[in-house]
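Visitor: So that we are looking at the same thing, I have put the structure below in structure tokens.
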Amino acid sequence: MLDRGLLRNEPDKVREASLNKGEPCPIDRWLLLDEERRNLLGSTESLRRRRNELSQEVSSLKKSGAPADSQIAESKKVGDSIGQIDKELSAIDREMAKVELRFTNIPDPDVPVGKDESANKIIRTSGVKPSFDFEPKPHWEILGNLFDQNASGDIAGANFILLRGWAARLQRKLINWMMNFHSEAGMEEIWTPFLANRESMTTSGQIPKLEYDMYHIEKDDLFLIPTGEVPLTNIYRNTTLNEGDLPVKLFGYTPCFRREAGSYGKDTRGLNRVHQFEKVEMVRFEHPDNSDKALEEMVIHVEKMLSLLELPCRISILATGDLSFAAAKCYDFEVWSAGQEKWLEVSSISNFRDFQSRRGMIRYKPAGGGKPLFVHTLNGSGLALPRIIAALIENNQTEDGKVRLPSVLSAKTGT
RNA sequence: GGAGAGGUGGCCGAGUAUGGCUUAAGGCGUACGCCUGCUAAGCGUAUGAGAUUCACGUCUCCGAGGGUUCAAAUCCCUCCCUCUCCGCCA
Numbered sequence: 259m260l261d262r263g264l265l266r267n268e269p270d271k272v273r274e275a276s277l278n279k280g281e282p283c284p285i286d287r288w289l290l291l292d293e294e295r296r297n298l299l300g301s302t303e304s305l306r307r308r309r310n311e312l313s314q315e316v317s318s319l320k321k322s323g324a325p326a327d328s329q330i331a332e333s334k335k336v337g338d339s340i341g342q343i344d345k346e347l348s349a350i351d352r353e354m355a356k357v358e359l360r361f362t363n364i365p366d367p368d369v370p371v372g373k374d375e376s377a378n379k380i381i382r383t384s385g386v387k388p389s390f391d392f393e394p395k396p397h398w399e400i401l402g403n404l405f406d407q408n409a410s411g412d413i414a415g416a417n418f419i420l421l422r423g424w425a426a427r428l429q430r431k432l433i434n435w436m437m438n439f440h441s442e443a444g445m446e447e448i449w450t451p452f453l454a455n456r457e458s459m460t461t462s463g464q465i466p467k468l469e470y471d472m473y474h475i476e477k478d479d480l481f482l483i484p485t486g487e488v489p490l491t492n493i494y495r496n497t498t499l500n501e502g503d504l505p506v507k508l509f510g511y512t513p514c515f516r517r518e519a520g521s522y523g524k525d526t527r528g529l530n531r532v533h534q535f536e537k538v539e540m541v542r543f544e545h546p547d548n549s550d551k552a553l554e555e556m557v558i559h560v561e562k563m564l565s566l567l568e569l570p571c572r573i574s575i576l577a578t579g580d581l582s583f584a585a586a587k588c589y590d591f592e593v594w595s596a597g598q599e600k601w602l603e604v605s606s607i608s609n610f611r612d613f614q615s616r617r618g619m620i621r622y623k624p625a626g627g628g629k630p631l632f633v634h635t636l637n638g639s640g641l642a643l644p645r646i647i648a649a650l651i652e653n654n655q656t657e658d659g660k661v662r663l664p665s666v667l668s669a670k671t672g673t
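Numbering (this note's numbering), first residue to last: 259 to 673.
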């Protein structure tokens, strides 16, 4: 959600942001509603004031036994007018709230402008792509039966993962390693619900835009979380923190559920694109002055993880057209996958500034006193499992179909 | 799923039977001041949020939403959440 002052005073900035991100921009409608609303508010407030005065008069007249008929009659008339105006006002309020959820966040000034991912800028590439004296295989061939698509298909359907034996254990080991890594960096470990309600989804920004990309349990109006960002961010919904509490750094493991409707076809082989995947997610609540620095810190942190996993990686800053609805700035991490010979996205790290906190009323009380202010929220994957597994397996394969894992995983050779 | 008890400002908590004298008492906490060898105590003052306005101010908010009334924290309806017990179940 954007600040009403911004919408009111700098509509061109909002238009430009929407244009660059390729999002609709109902600013003209909003401006109209806003003006109408303020007019009606003025009328209803002075009427209410009058009614309050009359109530006082009625009260004291009755106590002294005097008649209050004329006051009561006027108050009734005033009340009717209030009722009428309030009806209009609440219709406007409802529409404004709906319209406001449709404004995308404003990209940071240093975000490259461009209509899609082709305008993303690679910041740096690290690690060395492995070379082979044989033809490297894609992970689904190396894994063979350990990646049992017949079983997952029977259990749930296409594009679900079922791992067996060594592969299943590798996933568990990786989750463990990632969580220990964050823990040692001083973040608080969180275990969350994997379903979330409509308010939570609205706060983190999945609703309204992505509502139909999520699994929805109609009976209870609950959604399967598409990312751990949702429960972690909503921990402090409708909460006022103290300035001294900031920054709050959290992480948690969650499965992530995505319908991926309409995405069948390219890039869906193997572990690349699935309906349920595992992820360890980091979320930070930051003082507004510190969120830029925090974003860079998170980038370094994730880069460290990938280098320990010995995975060649490429970091890009996303162009406006590729930036998600709620984000102001985002870095993507891709790892090299030798068998498929392509880069796979394994982490995005974003600064949302006050976009989410405004939706969810996540604030902090300034130490020097004064009104509560909105925190900045950031989040980043650390990391998404299936593609990490794919890259690990492909990059470390041997000619006889085995896998030699990097030392941090201290694993025996597989398959 | 059934029965019961609750939800009031940062926290605790009064007010709900009998609607108006509560534009929510009191306490704790917090901040500042006084006092004081120091600290504590004591005394004093201040201290919720949102909307709107250039401002003074005004309006709104007692879980959420509706209703009754001249007037609702208080009466009525619907829903949500928490706690206790029962049932079912990993």
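C-beta: ideal position from N, C-alpha, C; glycine also.
Just mark Glu-652 as buried or exposed, buried being the case when its beta carbon has 16 or more other beta carbons within 10 Å.
Guide: Per the 10 Å Cβ criterion, buried.
Visitor: Cβ of Phe-613 within 8 Å of Cβ of Asn-278?
Guide: Cβ distance not < 8 Å, so Phe-613 and Asn-278 don't count as in contact.
Visitor: Determine the closest residue to Asp-366 out of Asp-550, Cys-571, Ser-318, with distance taken between C-alpha atoms.
Guide: That would be Asp-550, whose Cα lies nearest to the Cα of Asp-366.
Visitor: In terms of alpha-carbon separation, which member of Glu-536, Asp-658, Trp-435 lies closest to Val-666?
Guide: The shortest C-alpha separation from Val-666 is found at Trp-435.
Visitor: Hey, which unbroken runs of the alpha helix (DSSP H) at 4 residues or more fall wholly within the region 385-411?
Guide: Counting only runs of 4 or more, we get 397-401.
Visitor: Whole angstroms are fine: how far does the CA of Glu-294 sit from the CA of Met-445?
Guide: Distance between the alpha carbons of Met-445 and Glu-294: 47 Å.
Visitor: Taking contact to mean at least 3 C-beta pairs separated by less than 8 Å, is the region 444-458 in contact with the region 570-584?
Guide: The region 444-458 vs the region 570-584: no contact.
Visitor: Considering only the alpha carbon of each residue, which of Leu-569, Leu-529, Ile-340 lies closest to Arg-307?
Guide: That would be Ile-340, whose Cα lies nearest to the Cα of Arg-307.
Visitor: Could you tell me the boundaries of the beta strand (DSSP E) in which Gly-510 lies?
Guide: Where Gly-510 is concerned, the enclosing beta strand (DSSP E) stretches over 506-515.
Visitor: Which residues does DSSP list as the beta-bridge partners of Tyr-589?
Guide: Answer is Ile-575, Ile-607.
Visitor: Which residue or residues does DSSP assign as beta-bridge partners of Thr-362?
Guide: BP columns for Thr-362 are empty, so no partner.
Visitor: Expressed to the nearest angstrom, what Euclidean distance is found between the alpha-carbon atoms of Met-437 and Val-538?
Guide: Met-437 and Val-538: Cα-Cα distance of roughly 7 Å.
Visitor: Given that a residue counts as buried once 16 or more other Cβ atoms are within 10 Å of its Cβ, and exposed if not, what is Gln-342?
Guide: By the 10 Å Cβ count, Gln-342 comes out exposed.
Visitor: Since Ile-448 is in the beta strand (DSSP E), which residue starts that stretch and which ends it?
Guide: It spans 446-448 - the beta strand (DSSP E) in which Ile-448 sits, taken as one unbroken run.
Visitor: Mind checking which residues open and close the beta strand (DSSP E) that includes Met-540?
Guide: 534-544 is the span of the beta strand (DSSP E), which, as asked, contains Met-540.
Visitor: Between the alpha carbons of Asp-261 and Gly-618, how many angstroms are there, rounded?
Guide: Spanning the two alpha carbons is a distance of roughly 13 Å.
Visitor: Is DSSP giving Asn-637 helix, strand or coil here?
Guide: Strand at Asn-637.
Visitor: Cα separation between Lys-321 and Ser-304?
Guide: Distance between the alpha carbons of Lys-321 and Ser-304 is about 26 Å.
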